[in-house]
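Quick notes on the structure that follows.
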Amino acid sequence: MAITLPTLLTAAGLGLHTVGAAVVPDIPIQWVAVTELEDPLPFLSGGEVVLTTGLRQKTTTAQRSFVRRVHESGALGIGFGTGLGHRQVPAALVDEADSLGLPVFRVPYETPFIAIGKIVADSLSADHYSRLESLLKGHQVLASALLGEGGLPQLLRELATMLGTDVVLSQYGAQLFSTETTGGAGSGAPGGHWHRLPVATGLKDRCTLAIAEPYNPNAIVAYAQSLISVELSNQARRRASERAVVGQLCQDVVRGTLAGPDAVARLGGAGIDTALRQVVVIVEVASGQRRALRTLPTPAGFASGVEALVDERLVIAVPDGDGPVLSQQMGAYLHGAGLTAKVGYGGAYAQASGFRWSYFEARESLTRGLPVNTPDRLSLTSLLMASEDVPLADLAAEALDPVVAFDQRHHAELMVTLERYLMLNGSVAAVAEALQLHRNTVRYRLQQIQDLSGYDPGVTADRVHLYLALNVRGLR
529 MAITLPTLLT AAGLGLHTVG AAVVPDIPIQ WVAVTELEDP LPFLSGGEVV
579 LTTGLRQKTT TAQRSFVRRV HESGALGIGF GTGLGHRQVP AALVDEADSL
629 GLPVFRVPYE TPFIAIGKIV ADSLSADHYS RLESLLKGHQ VLASALLGEG
679 GLPQLLRELA TMLGTDVVLS QYGAQLFSTE TTGGAGSGAP GGHWHRLPVA
729 TGLKDRCTLA IAEPYNPNAI VAYAQSLISV ELSNQARRRA SERAVVGQLC
779 QDVVRGTLAG PDAVARLGGA GIDTALRQVV VIVEVASGQR RALRTLPTPA
829 GFASGVEALV DERLVIAVPD GDGPVLSQQM GAYLHGAGLT AKVGYGGAYA
879 QASGFRWSYF EARESLTRGL PVNTPDRLSL TSLLMASEDV PLADLAAEAL
929 DPVVAFDQRH HAELMVTLER YLMLNGSVAA VAEALQLHRN TVRYRLQQIQ
979 DLSGYDPGVT ADRVHLYLAL NVRGLR
């Protein structure tokens, strides 16, 4: 701590004595300014002790004006040197200083102003060195915490201790860490005031370090911000790399190119224990937001899960997970992160084949288009789509592409009619009522679909083919 005015006044060998009745503030002195100007205000910045001999202060008016200008600058006090222009501190100067609450002290002729300046300068230098030394030690503590077993949470705990207040780190609108036992910067706790600082990670993640008030600016915070930034960026790169590698493995498993003991061994190596019942959760976001899935951190409930990227979707296998709870948690998290997303989940199954079934149940549920989608029980459609040996995509394109092309050219709404027809179990009357059409119009459209696709919606075998084609098309 730099020297304060009360300490300076009691310094041995200076012979300083207060004059007047103003209270001496226990505030660190920022500098010593020596002046003989009648108006020193333009050359003062506040926090100084102003020393003068009053050589130009020949009148009471000048003396009072000098005091007012010094007080206006925010100076801590006036040291008046006697024995040159004045044998005593002028009464008018003391009176004006008392009225403004500005301390005045007498500097005897034997005490050079430079001696006072040297004491303050040495104090400021020692204080600066002490702060620098403390800052370097703080750097070492934070870096050691981050590189140790505690990682980022330990770094934040150490930072909170240094600042003497709570800190909260949030990313994508979700709280990553908090030293608070209750509430938090993002919890909306009443009465809480927070100083929020952005943390740059190179992502559009709204990463924020919040520090509870009262907060005094501290240089260690800037260093903490840089360490947090580097760590979160490294975590994002690791997530992207791991998800890409595991994604290729999952793709091989769900497509059936990797099966049996080999699939069990490879999945186990990636952290997916097929002896446990795995719940697969799939996240799909808008096309302009897909890059975020490479690095997006997942909520706490997914800590035991293994994450992968498959067909630009985030796939998470959670052992013994609760599908409805996990999907609701993920949906709320994605909404808070500002992502336009759909979440689907599958049943809980063991073995590699069970992983495939859960995956396709989750993927099929996404076709409902809701923020959170509940799966149906494992269907024949899911089983067929679980095999790459069945060229469903080609069959779907061969059957429906001519119909889609005709719709685009003529706005005939044939695809809408076909979807309703299959949904309503082949009832022309029900389709006509749903679409507010004449029954003959529905029949005419069904004939057009037959002519374009080569499949008759009225024939059971052809209807099944068209139903599967529509489902496959919905998963593209």
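For the sequence shown, the working numbering begins at 529 and goes up steadily by one. The beta-carbon is built from N, C-alpha and C at its ideal position, and this holds for glycine as well.
**OP:** Could you pull the start and end residues of the beta strand (DSSP E) that residue 806 belongs to?
**Re:** Looking at the DSSP string, the run of the beta strand (DSSP E) that includes residue 806 is 806 to 813.
Original post:
According to DSSP, is residue 953 helix, strand or coil?
Top reply: Residue 953 carries a coil assignment under DSSP once its states are collapsed to helix, strand and coil.
**OP:** Just mark residue 654 as buried or exposed, buried being the case when its beta carbon has 16 or more other beta carbons within 10 Å.
**Re:** Exposed.
Original post:
By Cβ distance, which residues of its chain are closer than 8 Å to residue 943, with the 5 residues on each side in sequence left out?
Top reply: If we look at residue 943 and ignore the five residues flanking it on each side, its Cβ neighbours are 928, 931, 932, 935.
Original post:
Contact between the stretch 619 to 636 and the stretch 592 to 599: three or more CB pairs below 8 Å?
Top reply: Touching, yes, given that three or more Cβ pairs across the two stretches are closer than 8 Å.
Subject >> Span separating the alpha-carbon of residue 595 from that of residue 532 >> reply: Computed Cα separation, rounded: 21 Å.
**OP:** Flag residue 535 as yes when its Cβ comes closer than 7 Å to any non-hydrogen atom of the ligand PLP, and as no otherwise.
**Re:** Judged by which ligands are present, the structure shown has none, so any question about the ligand PLP falls away.
Original post:
Within the chosen definition, does the stretch 552 to 569 reach the stretch 638 to 648 through at least 3 CB pairs nearer than 8 Å?
Top reply: Touching, per the Cβ criterion.
Original post:
Taking just the CA atoms, how far does residue 739 sit from residue 667?
Top reply: It is roughly 18 Å from the alpha-carbon of residue 667 to the alpha-carbon of residue 739.
**OP:** May I ask you to verify whether the stretch 684 to 699 touches the stretch 722 to 739, counting CB pairs closer than 8 Å and requiring at least 3?
**Re:** The stretch 684 to 699 vs the stretch 722 to 739: in contact.
Subject >> According to DSSP, residues forming a beta bridge with residue 877 >> reply: Answer is 806, bridged to residue 877.
Original post:
Where residue 607 and residue 577 are concerned, what is the direct C-alpha to C-alpha distance, given to the nearest angstrom?
Top reply: Rounded to the nearest whole angstrom, the CA to CA distance from residue 607 to residue 577 is 7 Å.
Original post:
How many angstroms separate the CA atom of residue 719 from the CA atom of residue 748?
Top reply: The pLDDT assigned to residue 719 is 45, lower than 50, so where the model puts this residue is not dependable; a value taken from the coordinates is nonetheless given after this. Straight-line Cα distance between these residues: approximately 26 Å.
Original post:
In terms of residue numbering, what span does the alpha helix (DSSP H) encompassing residue 642 cover?
Top reply: For residue 642, the uninterrupted alpha helix (DSSP H) segment begins and ends at 641 to 675.
Subject >> Sequence-distant residues of its chain with Cβ nearer than 7 Å to residue 547 (five each side left out) >> reply: Around residue 547: 617, 622, 632, 633, 634.
Subject >> From 868, 778, 986, 636, residue whose alpha carbon lies closest to that of residue 544 >> reply: Put simply, of 868, 778, 986, 636 the residue whose alpha carbon is nearest the alpha carbon of residue 544 is 636.
**OP:** Give me whichever residues DSSP pairs with residue 835 in a beta bridge.
**Re:** Partner(s): 844.
**OP:** Starting from residue 872, follow its DSSP beta bridges and name the residues at the other end.
**Re:** Its beta-bridge partners are 810, 901.
Original post:
For residue 891 versus residue 872, is the C-beta distance shorter than 8 Å?
Top reply: Yes.
**OP:** Would you decide whether residue 658 is buried or exposed? Buried here means 16 or more other CB atoms lie within 10 Å of its CB.
**Re:** Residue 658 sits exposed, since fewer than 16 C-beta atoms from the chains shown fall within 10 Å of its C-beta.
**OP:** At 4 residues or longer, and completely inside the stretch 565 to 619: list those alpha helix (DSSP H) runs for me, N to C.
**Re:** If only complete runs of 4 or more residues are kept, the stretch 565 to 619 shows the alpha helix (DSSP H) at 588 to 601, in order along the chain.
**OP:** Using the Cα positions of residue 883 and residue 877, report the straight-line distance between them to the nearest angstrom.
**Re:** When rounded, the distance between both Cα atoms is 6 Å.
**OP:** In angstroms with no decimal places, state the Cα-to-Cα distance between residue 759 and residue 550.
**Re:** Looking at the two C-alpha atoms, the distance is approximately 53 Å.
Original post:
Any idea if residue 868 is buried or exposed, counting beta-carbon neighbours within 10 angstroms, 16 or more meaning buried?
Top reply: By the 10 Å Cβ count, residue 868 comes out exposed.
Original post:
Buried or exposed: which applies to residue 835, given that a residue is buried once 16 or more other Cβ atoms fall within 10 Å of its Cβ?
Top reply: Residue 835 is buried by the Cβ-count criterion.
**OP:** Compute the Euclidean distance between the alpha carbons of residue 857 and residue 843, then round it to the nearest angstrom.
**Re:** So the alpha carbons of these two residues sit roughly 15 Å apart.
Original post:
When the Cα of residue 553 is compared with those of 708, 629, 993, which residue comes out closest?
Top reply: The shortest Cα separation from residue 553 among 708, 629, 993 belongs to 629.
**OP:** Return the first residue and the last residue of the beta strand (DSSP E) that residue 547 is part of.
**Re:** That run of the beta strand (DSSP E) goes 545 to 547.
**OP:** Taking 8 Å as the cut-off, decide whether the C-beta atoms of residue 691 and residue 755 are in contact.
**Re:** No Cβ-Cβ contact shorter than 8 Å links residue 691 with residue 755.
Original post:
Do you know whose CA, among 662, 604, 619, 556, lies nearest residue 590's CA?
Top reply: Considering only alpha carbons, the answer is 619.
Original post:
With DSSP run on the structure shown, which of helix, strand or coil describes residue 561?
Top reply: DSSP places residue 561 in the strand class (E or B) of the three-state scheme.
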